[in-house]
Every structure is written in C-alpha cells, then in structure tokens.
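Down below is the structure, laid out as structure tokens.
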Amino acid sequence: MTAALTGLKPLLKATLKQDRKNIAPWVVLISVLSASSIWAWRWIFPELPDRRAFAVAVGANPAMELIFGPARNLLTNDGFNAWRAGSLGAFFAGLMGILIVVRNSRADEDSGQAELIASGVVTRQARLLVAVLMGVIAAVALGVFCFLLTWVSGGEVAPTAVISASFACSALLFAAVTAVAAQLGSDARTASTLSIGALGFFFVLRGYLDSSDAADWTLWLTPLGWLEKTLPAVENRWWPLLPVVALAVVLVGSALVLQNRRDFGLGMIVPRPGPASAPRFGLTALTWRLHRAALVTWLCAFAFLGLVFGNLASSAGDLLADNPAAQQILASGATSPQELSFAFVATILQIGGIIAAIVGAQVVMRMHAEQTAYRIEPLLAGAVRRPRYFATNVLLALGAVACCLALEGTVMGWVVSRSDAGFSFGDVLRQALCTIPAVWVLTCIGTAAVGAKPSKRLVGWLVIVATFGITLLGPSFKLPEWMLSISPLHHVPLVIAADPDWGNLAWLALVACGFLLVGFLGFGRRDVV
C-alpha cells in the first residue's frame, strides 16, 4: 500500500501551491452567498410583518422551490439562509469539486503534464488521489470559512454549522463523482460533461420533487436531497451527511479500480475513430463541428427539462389551489387563477432562458479559447475574413439559444396540452418564443465583451448571474422597478394577458443588435494574437 502512494506528499504539496489561487474564489463566493443571506434578511425585512409578507410571496410561487428548495422557516435569519443559500450553495460547491478534480486529473493527461509527472517516482494511484485530496482540502476549507464568515455575520452556531457542512459534503461527493468520470471519459471535456451532467440531473430532480406533490421519501433518490434532509434552522440534523460521505468513499475506491484498467491518456469510453482522410468543409461546417457534441447534449437536456417542467406546469393549478399563500393572493383580487398558474409557467420558462443563456455564452466564449490556442490566426491568414468568422460563431450561438428554448417550449406545451391546466400548447410555445429575444440580449452582451475586450469576457457570465438573482428574487425582495428593469427577462410579456406589451420584444431586439454591433466593430479592430 505504501508503494502505491509513492510521490503522493510532494505532488500534493506542489499541486496545492499551484492551484490554491483557483480554489480560493470559489470558497469565498459560496461563503459570501451564505453570509449575505444573514445581512440581507436583517436589512430587507427588519420587521415581522415584512417577513410574513415575504413568506407569503415565496409560498405563492412554487417555481422558487425548483431552485431554492422549500422555505421552511422564513421568519428567522438562519431559516432564510437555509432557503436562499442551501440548495444553491450545494450546487456551486459540487461544481467547485468537479472543476478541481478535472483540472488536476484528466486535464493534466490531455496537456501532457501528467506524462511528465509519471516519468518521475510518482504512481498512478498517487496522481489520482492528489486530485481527490485537492477536492477534499477545498471542501474542508469551504466548510470552515463559510461557518466562520456566516457565524460572524450573525448566524446561529447549529444551523450555520449544518449548512456549512452540507456545502463541504456536496463538494466532496462530486469530487468523487468526477474521479470516476475521469476514468470513463477519454478527455477532460468528456469527464466534465459527465460530472456536470450528473450534478445538473440531481439538482433538477431535487427541484422537481420539492416543487411537486411527491412523497417525502423520494428526496432520497438524489444526493442533493440527502443534504436537504439535514433541515438546517429547523431540526439541524447531522446524520443525513453520513451516507454522502460513505458514497464519496465508495466512488473514490471505484475510481482507483477503474484507473488500473484503462490505458494512460484514454478512458473506459472509447472515442469514435475519425475518418481515414481529412474532410473538406467550409467555415460554417467547421464551427458546427467544434460545438456539435456540446449542443446536441444541451438539446437533449432541454428536452428533458421540458418534460420535467411540463409535468410541473400541468399540476400548477392543483399546487396553487392547495397553497394557502396563493389563496391569500387570490382572495385579495390581485390576479385570476389562470394568470397565476400561467405566471408559474412563465417563471419556469425564464429559468430555462437563463440556462439557455449559458449555452450561448459557451459558444461565444469558445472564440476566445480558440484565440488563445492560436487556432484563429491560421484561419484568418487564408480566405476567411474577420466579420465572416465572427458572424458564423455568433449566429450559431443565437441559433442554439433559440432552438433550446423552442424545444423546451414545444415539449412543455405538449405535456401541458394533455392535461387540464387551462392553457394550450400554443400558449406555452408562444411564451417560450417570446423569451428568446431577452436571452439574446444576455448572449450579445457576452459577444460584445469577447469581440471588443476579451479581458473583460467575465462580464458575459456576470450578467447571467445578475439576471438570475434579479429575475427570481427581485419581486420577492420588492426591488424598485428601475432595478427589476435591468433584467431583460422582466420585459417579456405574458402572452395570455389582456393587453400584452409586444413592443418590449422590439426594444429587446434593438438592444441585442446594439451589443452585436459593439462586438463586430471591436473584433474587426483589435489584435487576435
């Protein structure tokens, strides 16, 4: 056993020194997500009537449970923290664990760095365990730092400790999942796709079970449901974390076994062999080939989301009928039951739009990756001109966004039309299509950044995160209208309303064209090397 771990300690020390700058931002941001919940609760809801009104608003929107989980105790700061940061923080912690293990395992094999390390006195088991231990260290650092920051901010000891431990366990579990995926996939991209796909599936499943009238035991079908079973700020249970840790240990052991059965640089899933001769195709076909696998995967994911969200939308009327908060709103005459149910559908489609914005951002950000890999310059040195290259990638990004939302709306509408929800297939599909221009605005902001100033390309991701927060939490937090208007999704009309404002779609398209123009002009004038 000692021989199998030869080189573990020095390699872990070197890797930790090299990768700590990539880990620290994740630890800080997830911890701030928790601590800021304590600050926000005291600042936004200083009085008990404000907290009760917020609890009513959240309870009347089952779509909130899809992302944040059930709100069990919104009258205390720790209960608000458990709702706002619990499920979302666990998701981001899992994503942190995935990226750490991929970066220090499969990515090193793809770059050749692992082969260089293997030429020394370092075993294969040690190299994989170093990647896993990096995930463990990050998980522990997240748990400790999140607890201290949230506790100093005013959180109670017991619920804060449970929330922080659940974040750490999520990072640990998905680091272990990625250790297995790194043995299955033939490269870093495949390993990332498998791991993030698993995380996304379990998150959506958890959201569906929380939002529907599923039995309580069904939460055991997803590991993220196990973390929810800790019930922070309610019962503060520790024992649901034990199966999470046990599963992580089993997965790491499985990864070590699989590693000994695969060839170095390859995976258990054998990639499809390429053609015997180089194919001849143009720029459009080349751009499609670069993104084909990812886009097909995303389209399958949106079909699945349409099926899941369609089932939720079909039961929206029953969920709202059994919801005391929704009944309170209806009794006040604020809206009709049909509009309240369709607002739930529109909110779900807005969530799909935010996910579709990630698809568009990935496509446009790939241009920068191709630039840094010095693969754009040979293209532009030939017959390909800058505007054509840029336009081909941008059109693919905008088309991918439109196809994803149209597919989700089609599947949702088909599912809803088979129920007695009170609105038709056409209503749902038209609402999905109306969401596309708003998502195009988000994609075009990232396009402008990549085209004009690649060093500021993080703006493309920040606007998606900001839109997520404003769209889902803004109305409940009673943000002023000018702040809500920052989100493009706020301007999407409700198609079944008596007088929908269709002019907003034209304004959204105009804003998107403005950002596109900035991107085209910037890409035409700047250096690409």
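Using this note's numbering, the first residue of the sequence shown is number -16, and each one after it goes up by one.
Ideal Cβ positions, reconstructed from N, Cα and C, are used throughout, including at glycine.
This one's a predicted model, so the numbers in the text were calculated from it and none came from an experiment.
Report the residue from the options whose alpha carbon sits nearest the alpha carbon of residue i.
i	options	result
Thr393	Ala421, Phe292, Leu445 and Leu488	Phe292
Val84	Gly137, Ala121 and Phe63	Ala121
Gly336	Ala277, Glu391 and Leu58	Glu391
Thr330	Leu49, Val187, Leu155 and Thr(-11)	Leu49
Ala154	Pro483, Val232 and Phe75	Phe75
Tyr191	Val433, Phe287 and Ile252	Phe287
Met348	Ala432, Ala374 and Asp403	Ala432
Thr267	Thr205, Leu295 and Phe373	Phe373
Arg55	Asp193, Val10 and Pro29	Asp193
Ala162	Leu225, Asn87 and Trp9	Asn87
Leu529	Tyr357, Ala109 and Ile334	There is simply no residue 529 to check, as the chain begins at -16 and stops at 512 in what is shown.
Thr450	Arg440, Gln1 and Val422	Val422
Glu174	Leu207, Leu31 and Val253	According to the sequence as given, residue 174 is Ala; it is not Glu. Comparing Cα-Cα distances from Ala174 to each of Leu207, Leu31 and Val253, the minimum goes to Val253.
Ile21	Leu282, Gly137 and Phe128	Gly137
Glu353	Val127, Leu273 and Arg172	Leu273
Ser70	Ala151, Ala296 and Glu30	Ala151
Gly72	Gln1, Leu207, Trp203 and Arg172	Leu207
Gly52	Thr375, Trp203 and Arg189	Arg189
Phe128	Gly502, Leu241, Pro8 and Val228	Pro8
Leu204	Val227, Val328 and Thr375	Val227
Arg78	Ser260, Pro463, Thr176 and Leu295	According to the sequence as given, residue 78 is Leu; it is not Arg. It is Thr176 whose Cα lies nearest to the Cα of Leu78.
Trp271	Arg34, Gly382 and Pro223	Gly382
Arg107	Arg67, Gly(-10), Ile334 and Glu139	Gly(-10)
Val377	Ala344, Pro361 and Tyr357	Ala344
Asn66	Gly265, Ser19 and Glu30	Looking at the sequence shown, residue 66 is not Asn but Trp. Among Gly265, Ser19 and Glu30, the Cα nearest to that of Trp66 belongs to Ser19.
Gly180	Pro483, Leu(-6) and Thr280	Thr280
Is the Cβ-Cβ distance between residue i and residue j less than 8 Å?
i	j	result
Ser17	Asn64	yes
Gly118	Gly168	no
Ala165	Arg89	yes
Val517	Leu379	What is shown of the chain runs -16 to 512, which leaves residue 517 out entirely.
Val342	Val399	no
Ser149	Thr133	no
Gly434	Phe506	yes
Phe460	Ile27	yes
Leu527	Val10	Past the edges of the chain, shown from -16 to 512, lies residue 527, and the structure says nothing about it.
Leu156	Leu230	yes
Pro440	His351	This sequence places Arg at residue 440; Pro is not what is there. Yes, the pair counts as a contact, with Cβ atoms nearer than the cut-off.
Val511	Ile359	yes
Ala158	Gly62	no
Pro370	Phe503	yes
Ser519	Leu290	The structure shown has nothing for residue 519, since the chain only spans -16 to 512.
Leu467	Pro458	yes
Pro332	Thr418	Before going further, note that residue 332 is Leu rather than Pro in the sequence given. Going by C-beta atoms, Leu332 is nearer than 8 Å to Thr418.
With a threshold of 8 Å on Cβ separation, who are the neighbours of residue i within its own chain once the five nearest residues in sequence on each side are excluded?
i	result
Ala314	Residue placement at Ala314 is flagged as unreliable, the pLDDT there being 42, under the threshold of 50; a coordinate-derived value is accordingly withheld.
Val446	Leu425, Ile428 and Gly429
Trp490	His474
Lys(-8)	none
Ala340	Val384, Val422, Leu425, Thr426, Ile447 and Thr450
Enumerate in chain order the residues of its own chain whose CB-to-CB distance from residue i is below 7 Å, with the five nearest sequence positions on each side excluded.
i	result
Ala144	Phe130
Leu416	Ala389 and Gly392
Lys436	Gly505
Arg34	Phe28, Leu57 and Leu58
Val328	Ala296, Ala299, Val411 and Gln414
Leu278	Ala383
By Cβ distance, which residues of its chain are closer than 6 Å to residue i, with the 5 residues on each side in sequence left out?
i	result
Cys427	Ala495, Phe498 and Leu499
Asn60	Ile21 and Trp24
Ala141	Asn219
Ile338	none
Gly396	Phe408, Val411 and Leu412
Phe325	Phe406 and Ile479
Leu531	An answer regarding residue 531 cannot be provided, because it is not within the stretch -16 to 512 covered by the chain.
Leu(-1)	none
Ala68	Leu16, Ser17 and Ser20
Asp484	Pro476
How about residue i: is its C-beta nearer than 8 Å to some C-beta of chain C?
i	result
Cys129	Among the chains in the structure shown there is no chain C, since it carries only a single protein chain.
Are the region 451 to 461 and the region 360 to 374 in contact at 8 Å, needing three or more beta carbon pairs?
Touching, no, given that fewer than three Cβ pairs across the two stretches are closer than 8 Å.
Determine contact between the region 114 to 129 and the region 202 to 213, defined as no fewer than three beta-carbon pairs at a distance below 8 Å.
No, they do not touch.
Inter-stretch contact (C-beta, 8 Å, three-pair minimum) for the region 218 to 237 and the region 179 to 190
Short answer: they don't touch.
Give a yes or no on contact between the region 466 to 482 and the region 404 to 416, applying the rule of three or more CB pairs nearer than 8 Å.
Judged by Cβ distances under 8 Å, the region 466 to 482 makes contact with the region 404 to 416, as three or more pairs qualify.
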